[in-house]
Each structure stands twice: as C-alpha cells, then as structure tokens.
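Here the protein sequences line up with chains A and B, keeping their order. With the working numbering applied, the first sequence covers 1 to 302. With the working numbering applied, the second sequence covers 1001 to 1519.
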Amino acid sequence: MAILIDETKRVIVQGITGREGQARAKLMKEYGTNIVGGVTPGRGRQEVEGLPVFDTVEEAWETLGPIDVSVLFIPAPLVRSAALEAMDAGVQLLVIVPDRVPIYDVLEIAKAAKNAGARFVGPNTLGVLSPSRGVLGMIGGRAMSARSWFFPGPVGVCSRSGGITSSMTYYLAQEGIGATTLVHVGGDAIVGLPLPQVVQLFQGDPETKAIVMFGEIGTSQEEQVADLIEQGQVTKPVIAYIGGKGAKQGTRFSHAGAIIEGGRGTREGKVARLEEVGAHVVENFGDIPSVTKQVLREMNVL
Amino acid sequence: MARLHEYQGKALLAQKGIPIPGGRAVSSPQESREVAAEIGGPVVVKIQAWVTGRASLGGIRFADTPDEAAQAAEDMLGMQVGGFTVEKVLVEERLALEREFYTGVIVSDREQAPVLMFSSVGGTGIEEIAQEHPDAVASAVVDIEHGLRDYQARNLVRRTGIHGRLQRDLGGLLVKLYDVARAWEARAAEINPLVLTADGKLIAADCRVTVDDYAVFRHRDLGITFARELNRPPMELERIAYGVEEGDYRGTFYFIQMTDEFQQGEGVVGFHGAGGGGSMMSMDAVINEGFRIANFVDTSGNPPASKVYRAARIILSQGPIDGYFGSGSGVASQEQFHSARGLVKAFLEEPLTVPAVVRLGGNSEDRAVEILERVNDYLSAPVEGYKKDDSPQFCAQRLKALVESHTPPAEPPTGRKQPVAQRPYTFETVTNGTVTFDHAVCATCETKICVQECVPQILSLNEEGCPVLNITLEEAKKGRCIECMACDVDCYFQGSGGGFVELPIPGLEAYREKRGRTG
C-alpha cells in the first residue's frame, strides 16, 4: 500500500496546456501515473501528450468517468477558482503545485474542501510520489531520475521543503531504505495537508513502519505531530530533523511558512516538544539515514 | 513591505469605521508643531518603526504644547532603532484612558481559518497578560465563508465577563476589525491597546497590520513596494533584488542581506541556496565551518538561467566577501545546467576573484558541473562543482580549504564585456534582456553551438550560416526565448564568441558605483 497515490488512481491535470503543465503531465505519465486527461478553459478538444483536453473539469468527468485526483499547474491568482471547480465536479484530492497563492484564497479552498469532504496537498508543493506506483506534481523532475533515485520500502517521508523531500528519500535509498510514499506538504503557512495529517495517514498505512519528517521554523505543524504522539494517535517511530538554526526572529526564510512570529514556531521549541514525546530528533541532516536504519533494525524490519 | 506602520494601519481601521485618535504622521518638527496646534491640546508623539516597547526606547513622548511636540519630533526623527532610521512620527491627541483591551485577527495554520481574539485586559506585554489572566482572554474561529456575525463577536466579548452596552459596542468594533483583515487580506490585524476613554468611547490607540505578501498585487492602494517580511526596512540591494523577482514570475528568487559591514579576510561569504529547506540546511552547514554569511539567497522552483545570473550578480555586488557558497537540497528536480550557466555568466562578467564552491546535485548534475567548472580556464579564483553524493558539510569544508589557500589579486582584473558587434542581429527577451549575435563573427564559427544547445530550439541558421530566430521577434519577447543562456555561455566556451545576452538589473550599476565597485 501507499498513501494518496498509486497506479489505480485516475488523475487529471488542470492547466495541462501551459509550460509546466505540459512538461509535468509527461513526467507523471512516464512514471506510471494513470493520467486520463487535462483541463484548460478555451482549449477543449485539443490533445497534449496524447491526452484529451477539456474546457471544464465537469466535462472531463462526464466524458472520462470518475476522477480521483487533479493536479493544478495554474497561475497563483487563478488557483482558487480552479480548485473550487475541481471539488465542485467531485474530485476528492487536489495537488496544488503553484506558489504565491494568496492566503485567504487558501482559507476559502480549505473551507470548500471541508464542505466537500475533499483534501488538498499544497499550495507550493512539489507533490506526492509513491515509488514505482505513481507521482503527482513534479517530484523527481524526470521519470528516469525518479526511478533511479527512489524505490519502494518501509518508510513514509514527509517534508515542508520540496527539495528535501527528494534528497531525504535519496539518501535513505543509498542506505538501502525504501519508501512507501513521499509527501511534500508545501512551503506555505497554510497548507491543505500539513505534517500532522500526513503522519496520521502513514499511521494508518500498514506498509509504513516508520516515519521520517523534515520540519522547519514557523507554523505549529511539528508541535501538532508531537501532540498526536503524546495522545497515542501516532505510535509508529518518527525520525525528525528541524531546519533553521541560523534563522532570525521576524524574518522569513524563503518559505512563507518559515517565519518565527511573536516567539512562536522556534526551532528550539519544536525540537524540545518532539523529544519530550519520544521522537528521534537528529541534530545533523546527514544522520537521518543511519538513525532510521537503527530504528528499523530494532523493529526487525531491516 | 507587507507590514504596515501604525499610521498606515490606522488609516485602514478608519476606513472601516473604527475610531482612531485625531492627528497624523509627519516627517519634520515644523509639521509636528502644526498638527499639535490643530489638535489644540495635549498630544502624544510616536516613532513609526516596527519595534516593540517603543516607550522604553524613548520612542513615545507626551507633549502639552506645540513647541514641545516640535521638540519631541526633532529628537525622534533620525533616531536609530532596531536597524531603522526613524523617518516619520505620528502626532495624535492624547486620550483620557478609562480601560485598555486587546483584540486581534490572526490567520491560524492550526485552524486553517482566521481566529479572532479578545482580551479584557490590554496594553504592553499582552502575551504575559494572557498567561496570567487566562479568563480575560477569549478566541473564536471565524468561518471564512460567512464572515464574522455580530452575535458571535458579542458572545466572544461576553466570555471575558463584559456585559451590556460595552459588550454591544465592542462586538460591533470586532466585526469591523475582521472586515479590515478580510478586505486587505491581513495575516494579522491587531489593536493594542483598544482604549475605552473616560467619556465612554472606544478608540484604537495602537495597531499592527501585516498584509499577506502574496495578496499585495490585489491591493495597489496600499502602495507596498516591497512585499517581504523582514524585521527592519529593506536595504538598497534588497530592493534591487526584489525588482528582479517582481519582474519575473519564473521560479523564485529570495534575497536577504544579513550584514553589510565587513572587510576582506573576516570570513564572510556570499550564500546562494536553492530551495527553502535545502538553503536553510546549507546555511547551517557553512556557518558550522566558522563562516559568517553576508546574505541569504534562494533561487529555486525551476528558475531560468537569467534569474540565477541576476541573483549571482547581486550577491557579488555586496562588500568584499571571501568566498561564494552555493548549495541546495542536493537532489533537485529542476534541470541544474540552467543554474550553472547563470552562475558562469555572472562569474565571468564580475569577474570572480574569490573561491566558489557550488553543490549542483539533482537532474543533469553531470552536465551542470561540467559547465560550471569550465569557467576555471578563464578565472584566477578556483571554482568547484559538486553533486548529490557530496554532503553540504563536505562542500563547506572544501570552501574553507580553498579560502585559506587563496590570495585574491590586489588589482581586480577586468571581466568579460559585451563585444562591439560589426553586424549585429538582435532580439529582446521577456525580462528586457537583449540577445545580440555579431553575424560578422558568427559566419566564421565552426561549431554553431548556439543553435544546437538552444533549449527552446528557436534558432536556425540563415543562408550565410548565422543564427537567426525561427519565430517572430514578438514571440521571443513574450517568453518563447526562455533565457537559457546557451547562446551566450556555450558560445563563449565552444563557439566563436559572437553571441552575447545583455540582462539589465535596474539600479545595480548605480549601487555599485556608489559603493566603489564598478565593472
């Protein structure tokens, strides 16, 4: 098993005729994702990468049948409308790749998702990848790279940084440790599926034996993961690294979410809270593979 | 900046009908005197700066007469606080306080919604007050779809033990505060203190409003020219960098200057990260080796070579750094040769005189490192490229070794310049760049590498064997030319040198001249 994406999920790309949409549709298809079509208003009846393009998501649904996932490659100011359209049509999982989506637009999407019982990853996400089964978004960049970097195994990987999602999984792979699924939750302050929710999904996935997490300064996501561990809702081992040692209060470091505001969201606070509930917090990023290996050996998984 | 000054925030409150004290912001003692005279009574003069505890810094003063108000302004304008030069003071009527409250709307990542907070005890040190008097504080999640209803606000106030008319008035004001936050898309909008005056009026005595950086484009009326969260005003180079980012939506370019005061030999390096998490991790690695960093930069999200070039030029326009450190997550999904070309072009033109170590791990890393290291044939300083199996720690150690063994030249050598073309063929790019081919030179070129390596394949050879566009000038300008820099960098390395791309960075030359770094 894996979470969020596998070879059975039927996927469309919103914004499939754009520069990124086109390139990433190709990547996803080549990696084995079951892409069934795409949507761009005003471009219906065309084809991209051999896939049919529709004017609206509803039309795609009516023509192709039920759609499980939509991946959005849409300019930030238009994301709200596109996301609402997909959920209205019945799509239950969205992957919102673009960054710079206004925060109140994300709040509106979050509310609509709640109403519809749908979920979304992102915004500002590199996506989700289940090794050898499928990819949503742009993790790996090229199908060939993704195949050579990642392989299936017992670890669930989640991260607030896109690049780190790939590198963490790659360095684990170099130590012989494969992954069930990689999730980049997105770099923004508000994301649809933050770390605590992803960790809960991994908890419910029988193939995932341990969870590796890259956190960073800002937001309360890591503290919420600690709460879940404390409450016994997450019992699988969590190996975590928290970035941002050199960061300053009040200054944002790239990610909109990476800002310490009013003394909240500090690295020290997150590390202390996670250690308190028994998570394995590593001081050096490079130690993640060895600590994970040790944890898995103790569980007789490796 | 997306964080507003007190006087700017108050203007928004007033627009939604929240009472604010009479007065206005001024930038001279004379104006301060005039405003105090208009008010015609005791006033308070406050520095406009994003620092907490202004009173203890001498940033808030009472004045009973216009002369005293002028004196206060005189003392405060030009004051240095928290990296700030005070440029404006706010002169306002002094309020007769009966009671102080706190209220705020903050976008909560935990709730994925705006959260409204109210405290029946307000004033400085609200965090401590909240801890000491938990009963005085109430909060409620606002439904973004329906907004904040009047009765919800009143119930919130009720939970802090306030009843009757005051509850009704506060409830009404809280609804207006939510309207402010929603209308201008504030990540935070706080009034502290919210004052009840002796004659029973509610007035916002101070406020703090931070607008979402990503929504600034919808609020031109705010006049925000620098939508970046910093705890001080932007430096000149940061403004120049912001201009680059604003004009080019492809990929991300983030630049923060950490220090501007250092000398050669003090171990300060230029830092060029890629990807938020990877940048932070790499920054930690280079700091662990004993370096200080002059700046934080992140170019990621598949930026074109031109953007990486501009970032590198800006990094190298800072003070006399001892080295250049580039590193990202290590396993980038983007094609890394774009970044390599951008760096090479910047290093050649500068020219780079200090060691550079760049970790280019990820897609097409072999090609990226090959392009990068080729620059060593043209520079006096060593440039080393690394890949995904080289850790940030190892790369930082390499930089340390190179910096220790390298002596920068006393006289800076001249960098690569745009050659004067005899028979120029030119077209413009999407960021106002100009691609020039000197067909007199191109005709003699044996490799025609530009046509071969052009990523979007928009170049063809004409009858004479010279590169020309196979699309229209308009299409190139609209973005079909992605500024991959192959016709510049690869031509310089492997062709006849007939191709050059000029990429302007508005304000940079003037800045460098001022700082004595021409070239």
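Quick reminder that beta carbons are idealized off the backbone N, C-alpha and C, glycines included.
Member of the options whose CA lies at the smallest distance from the CA of residue i
i	options	result
B/Arg1423	B/Thr1444, B/Gln1131, B/Ser1405	B/Thr1444
B/Asp1221	B/Ile1314, B/Glu1475, B/Gly1172, B/Ala1002	B/Ala1002
A/Lys114	A/Gly90, A/Val234, A/Gly18, A/Phe214	A/Gly90
B/Ile1240	B/Gly1361, B/Ala1311, B/Asn1363, B/Glu1261	B/Ala1311
A/Val175	A/Ser130, A/Gly192, A/Phe150	In the sequence as presented, Val is not what sits at residue 175 of chain A; that position holds Glu. The candidate whose alpha carbon is nearest that of A/Glu175 is A/Phe150.
B/Arg1266	B/Ile1321, B/Pro1066, B/Phe1217, B/Ser1279	The residue you asked about is not Arg; residue 1266 of chain B is Glu in the sequence shown. Nearest option by C-alpha distance: B/Ile1321.
A/Gly178	A/Gly156, A/Val199, A/Gly162	A/Gly156
A/Arg142	A/Ser132, A/Ile103, A/Val301, A/Leu27	A/Leu27
B/Ile1060	B/Lys1088, B/Gln1257, B/Gly1497, B/Ser1317	B/Lys1088
A/Val238	A/Gly140, A/Val11, A/Lys209, A/Gly265	A/Lys209
B/Gly1276	A/Met144, A/Asp88, A/Ile164	A/Ile164
B/Asp1199	B/Ala1274, B/Arg1515, B/Leu1095	B/Leu1095
A/Val191	A/Arg119, A/Gly269, A/Glu230	A/Arg119
B/Val1331	B/Val1308, B/Ile1129, B/Ala1274	B/Ala1274
B/Val1354	B/Glu1335, B/Gln1334, B/Leu1316, B/Ser1329	B/Leu1316
B/Leu1196	B/Thr1447, B/Asn1231, B/Gly1123, B/Arg1187	B/Gly1123
Assigned secondary structure, residue i (DSSP; H/G/I helix, E/B strand, else coil)
i	result
B/Asn1192	strand
A/Val53	strand
A/Leu78	helix
B/Val1081	strand
B/Met1117	strand
B/Cys1454	coil
B/Val1175	helix
B/Met1001	Because B/Met1001 carries a pLDDT of 47, less than 50, the predicted location of this residue cannot be relied on, and the following value inherits that uncertainty. Three-state DSSP puts B/Met1001 in coil, outside helix and strand.
B/Thr1444	coil
A/Glu283	coil
B/Gln1112	coil
B/Gly1519	Its pLDDT being 46, under 50, B/Gly1519 is placed unreliably by the model, and the measurement read from it follows with that caveat. Looking at B/Gly1519 - three-state DSSP - the assignment turns out to be coil, as it is neither helix nor strand.
B/Tyr1378	coil
B/Pro1233	coil
A/Gly244	coil
B/Arg1182	helix
B/Cys1491	helix
A/Asp6	coil
A/Gly153	strand
A/Val11	strand
B/Gln1257	strand
B/Arg1099	strand
B/Tyr1007	helix
A/Gly44	coil
B/Asp1206	coil
A/Val301	coil
B/Thr1028	Going by the sequence as given, residue 1028 of chain B is Ser instead of Thr. Coil.
A/Met213	strand
For residue j and residue i, believed in contact at Cβ under 8 Å, the rounded distance
i	j	result
A/Thr63	A/Val53	Not confirmed; about 11 Å, so no contact.
A/Glu7	A/Asn34	6 Å
A/Gly244	A/Arg267	5 Å
B/Ala1063	B/Ala1049	Going by Cβ atoms, the distance from B/Ala1063 to B/Ala1049 rounds to 19 Å, so no, they are not a contact pair.
A/Leu84	A/Ile109	7 Å
B/Gln1418	B/Ile1449	Between B/Ile1449 and B/Gln1418 the Cβ distance is about 19 Å, and since that is not below 8 Å, they are no contact.
A/Leu182	A/Ile139	6 Å
B/Leu1156	B/Phe1118	5 Å
B/Glu1092	B/Gly1147	The pair is not a contact, with the Cβ atoms about 30 Å apart (cut-off 8 Å).
B/Val1297	B/Leu1343	Going by Cβ atoms, the distance from B/Val1297 to B/Leu1343 rounds to 12 Å, so no, they are not a contact pair.
Contact set between residue i and chain C, taken where Cβ atoms lie within less than 7 Å
i	result
A/Arg142	Of the protein chains in this structure, namely A and B, none is chain C.
Residue i Cβ short of 6 Å to the ligand MG heavy atom set
i	result
A/Tyr170	Ligands in the displayed structure: none, and consequently the ligand MG is not present.
Touch test, the segment 1005-1014 of chain B against the segment 1197-1210 of chain B, Cβ-Cβ under 8 Å, three pairs minimum = yes
The segment 121-135 of chain A / the segment 85-102 of chain A touching (three or more Cβ pairs under 8 Å) = In short, these stretches touch, since the Cβ pair count reaches three.
Looking at C-beta atoms only, is the number of pairs between the segment 1283-1300 of chain B and the segment 1384-1397 of chain B that lie closer than 8 Å three or more?
-> yes
Count the CB pairs spanning the segment 1458-1465 of chain B and the segment 1403-1413 of chain B that are closer than 8 Å, and state whether there are at least three.
-> no
Completely contained alpha helix (DSSP H) runs for the segment 1323-1372 of chain B, where each covers 4 or more residues | 1337-1349
Decide if the segment 1246-1265 of chain B is in contact with the segment 159-173 of chain A; the criterion is three or more beta carbon pairs, one per stretch, under 8 Å apart.
-> no
Are there three or more Cβ pairs, one per stretch, closer than 8 Å when the segment 1473-1485 of chain B is compared with the segment 1418-1436 of chain B?
-> Output reads yes: the segment 1418-1436 of chain B touches the segment 1473-1485 of chain B.
Does the count of Cβ pairs from the segment 1399-1408 of chain B and the segment 1364-1377 of chain B closer than 8 Å reach three?
-> No, the segment 1399-1408 of chain B does not touch the segment 1364-1377 of chain B.
Inspect the CB distances between the segment 1075-1089 of chain B and the segment 1173-1181 of chain B and report whether three or more fall short of 8 Å.
-> no
Can you check the segment 1032-1087 of chain B for any beta strand (DSSP E) of at least 3 residues that lies completely inside it and give the ranges in chain order?
-> 1043-1047, 1060-1063
Which full runs of the beta strand (DSSP E) of 3+ residues lie inside the segment 92-129 of chain A, going along the chain?
-> 93-96, 119-121
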